[in-house]
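Residue numbers in the sequence shown follow the numbering used here, run continuously in steps of one, and reach 386 at the last position. From the three backbone atoms N, C-alpha and C, an ideal C-beta is built for every residue, glycine too. First up is the structure itself, then whatever we jot down about it.
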Amino acid sequence: MRLLDRYLLRELLIPLFYCLSGFLVFWISFDLFSELDDYQQRGLRTPEIARLYLIKTPELLVVVLPIALLLALLYALTTHARHQELTAMRAAGISLWRFTAPYFAVGVVFTFALFALNELWVPKSVEAVEAILHRSSTAQSTDPGGRWHPKLHFHNARHGRFWSLGAFNLDTFEMKNPHVSWRASDRTERSLNARRAVRTNETWLFLEVEEFTYRTTGEVDTTPMKTNALVVPEFTETPEQIKSEIRINQLRSLISPKGAQLSLSEILNYLRLHPDPSPKDFALLQTQLHGRLAWPLTCLVVVLIAIPFGAASARRNVFVGVASSIFICFVFFILMRLGVALGSGNWVTPWLAAWLPNIAFGGTGLWLTARVR
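Below, the structure written as structure tokens:
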């Protein structure tokens, strides 16, 4: 690595650290004041609240990382421009693209980091936060049996099975009052009722079971098969697929949980159960899928936006460049949210709704960067 690259990186990473820390402190403080009454009602103590926000850090980083990178780039570039360092580099024969290469390298690293955070850490942190909040609630109640999702119904379209659950435990994967109807390999229609079911050895174990068989004539056996325990190996539905069904049902609802969104694994799990979703569900899933892929690239778009405004001539008003760039990024984030809403509602082609802000603003940033003198 050249001495110049090390210098530029050092001058970027220091303000980046301060911007990132400042945004995290601001975001945590804002969220804490908003949720403090709820935490007090749940009986959370200070160490538990601190642990909760430590776990939520990946979720917060996904939001603040592009913004912090933008401000750090603007600060670093305007500082270099004010001290005529950029002019000296250009006079020494170093092109704009060459001395901004370290910034693009940081943008690429942050793109991969943001993707990893979004897909590997954020889903786990959301689950962990929900578990902490649930434990604090059940500690004051008489039912500490884990997180239960009531009345779940779903259809495994790939294998033709209909499931109806009285309740599903998100922690232990236990089912209450499961009912399953399906067509067996011998072409007979069957239905199964059980008092409960548990997950063991990668299969579902049904307890206190009644199984009905419907003949091809439409008649049902009057004496169902009864047993205390039954394992049905052909039931290949996994807890992760059931949880993805719950998440997508929540996202469909008019009042979805705070911060509800889908990871790529949840989308793929749902599509394994529903290979031919309805047009409305297809639009929702495709928009979410492309949105998850497009969001990490925001870090590269931010670099393209910052360079033409931060690296402008020192004769230009620095405040104008910074304010213009921040305004453009604000419009970018608004358009991204608007695109997701339009794509999810099937008003705009899903892939276009998710990628258009990146394409439009990235292209504009490239054009403006090429015009920098």
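(request) Tell me whether Gly106 sits in a helix, a strand or coil according to DSSP, three-state version. (result) In the structure shown, the three-state DSSP call for Gly106 is coil.
(message) If you follow the alpha helix (DSSP H) that Thr377 is in, where does it begin and where does it stop?
(response) Element bounds for Thr377: 363 to 383.
(message) Is the beta carbon of Phe248 closer than 7 Å to that of Trp217?
(response) Cβ atoms of Trp217 and Phe248: closer than 7 Å.
(request) Could you check which residue in Arg285, Leu306, Val139 has the C-alpha nearest to that of His168? (result) Sorting Arg285, Leu306, Val139 by C-alpha distance to the C-alpha of His168 places Arg285 at the top.
(message) Relative to the C-alpha of Ser138, which candidate in Glu221, Leu73, Asn206 has its C-alpha closest?
(response) Considering only Glu221, Leu73, Asn206, the residue with the shortest C-alpha distance to Ser138 is Leu73.
(message) Going by beta-carbon coordinates alone, are Lys189 and Arg209 separated by less than 7 Å?
(response) With contacts defined as CB atoms closer than 7 Å, Lys189 and Arg209 qualify as a contacting pair.
(message) Suppose the cutoff is 6 Å on Cβ atoms and the five residues either side in sequence are ignored; what does the same chain contact list for Ile320 look like?
(response) Same-chain partners within the cutoff: Thr113, Thr382.
(request) Given a cut-off of 7 Å, decide if Pro363 and Ser276 are closer than it, judged by their beta-carbon atoms. (result) Their beta carbons are not under 7 Å apart, which means Ser276 does not touch Pro363 by this criterion.
(request) Quick one: using the 10 Å Cβ neighbour count with 16 as the cut-off for buried, is Asn241 buried or exposed? (result) With fewer than 16 other CB atoms across the displayed protein chains lying within 10 angstroms of its CB, Asn241 is exposed.
(message) Pro79 and Val315 - do their beta-carbons sit closer together than 7 Å?
(response) With contacts defined as CB atoms closer than 7 Å, Val315 and Pro79 qualify as a contacting pair.
(request) Note down the Cα distance separating Leu369 from Phe225, rounded to an integer number of angstroms. (result) In this structure, the straight-line span from the alpha carbon of Leu369 to that of Phe225 is close to 53 Å.
(message) Would Asn282 and Gln301 qualify as a contact pair, given that the criterion is a beta-carbon distance under 7 Å?
(response) Going by C-beta atoms, Asn282 is not nearer than 7 Å to Gln301.
(request) Starting from His172, follow the alpha helix (DSSP H) in both directions and report where the run begins and ends. (result) Per DSSP, His172 belongs to no alpha helix (DSSP H) and is neither H nor E.
(request) Since I believe Pro288 is in contact with Arg171 (beta carbons under 8 Å), could you give me their beta-carbon distance rounded to a whole number of angstroms? (result) Cβ-Cβ separation between Arg171 and Pro288: approximately 5 Å, consistent with a contact (criterion under 8 Å).
(request) Within 10 angstroms of the Cβ of Ala105, are there 16 or more other Cβ atoms? Answer buried if so, exposed if not. (result) Label assigned to Ala105: exposed.
(message) Three Cβ pairs or more, each shorter than 8 Å: is that satisfied between the stretch 95 to 102 and the stretch 52 to 70?
(response) At 8 Å Cβ cutoff, the stretches do not touch.
(message) Between which two residues does the beta strand (DSSP E) holding Val222 run?
(response) Per DSSP, the unbroken beta strand (DSSP E) holding Val222 starts and ends at 216 to 227.
(message) Just to confirm before moving on: does the CB-CB distance between His162 and Ile259 stay below 7 Å?
(response) Their beta carbons are under 7 Å apart, which means His162 touches Ile259 by this criterion.
(message) Please classify Ala296 as buried or exposed, where buried requires at least 16 neighbouring CB atoms within 10 angstroms.
(response) In summary, Ala296 is buried, with 16 or more beta-carbon neighbours lying within 10 Å of its beta-carbon over all protein chains present.
(request) Would you kindly report the start and end of the unbroken alpha helix (DSSP H) that includes Trp40? (result) Counting along the chain, the alpha helix (DSSP H) containing Trp40 begins and ends at 16 to 55.
(request) Just the C-alpha distance for Leu146 and Glu140, rounded to the nearest angstrom, thanks. (result) Each residue's alpha carbon lies about 10 Å from the other.
(message) If you follow the alpha helix (DSSP H) that His303 is in, where does it begin and where does it stop?
(response) Segment 292 to 307, the alpha helix (DSSP H) holding His303.
(message) Excluding the 5 residues flanking Ala366 on each side, which residues of the same chain have their C-beta closer than 7 Å to its C-beta?
(response) Excluding sequence positions up to five before and after Ala366, its CB lies within less than 7 Å of the CB of Thr300, Gly352, Val353, Leu355, Gly356, all in the same chain and listed in chain order.
(request) Decide if Thr236 is buried, meaning its Cβ has at least 16 other Cβ atoms within 10 Å, or exposed. (result) Here Thr236 is exposed. Its C-beta has fewer than 16 other C-beta atoms within 10 Å.
(request) Leaving out five residues on either side along the sequence, give the residues of the same chain with a beta carbon under 6 Å from the beta carbon of Phe389. (result) Residue 389 lies beyond the stretch modelled for the chain, which goes from 14 to 386, so this question has no answer here.
(message) Rounded to whole angstroms, what is the Cα-Cα separation between Asn359 and Lys293?
(response) Spanning the two alpha carbons is a distance of roughly 7 Å.
(request) Pull up the distance between the alpha-carbon of Asp50 and that of Ala207, whole angstroms please. (result) Looking at the two C-alpha atoms, the distance is approximately 41 Å.
(message) Tell me the DSSP secondary structure of Leu213 in three-state form.
(response) Rather than Leu, the amino acid found at residue 213 in this sequence is Thr. Strand at Thr213.
(request) Mind checking which residues open and close the alpha helix (DSSP H) that includes Arg95? (result) 59 to 95 is the extent of the alpha helix (DSSP H) around Arg95.
(message) What would DSSP say about Glu253, mapped onto helix, strand or coil?
(response) The answer is helix: DSSP assigns Glu253 an H, G or I state.
(message) With a threshold of 7 Å between beta-carbons, can Leu74 be considered close to chain B, or not?
(response) Protein chain content of the structure displayed is limited to a single chain, and chain B is not contained in it.
(message) Comparing C-alpha positions only, which one of Leu33, Glu61, Phe30, Cys32 sits nearest to Leu45?
(response) With respect to the C-alpha of Leu45, the residue from Leu33, Glu61, Phe30, Cys32 having the closest C-alpha is Glu61.
(message) Here's the rule I'm using: 16 or more other beta-carbon atoms within 10 Å means buried, otherwise exposed. How should Ile27 be labelled?
(response) Around the beta carbon of Ile27, a 10 Å sphere encloses fewer than 16 other beta carbons of the protein chains shown; the residue is thus reported as exposed.
(message) Give me the residue from Pro309, Val75, Arg212, Tyr52 with the minimum Cα distance to Glu143.
(response) Ranking Pro309, Val75, Arg212, Tyr52 by CA distance to the CA of Glu143 puts Tyr52 first.
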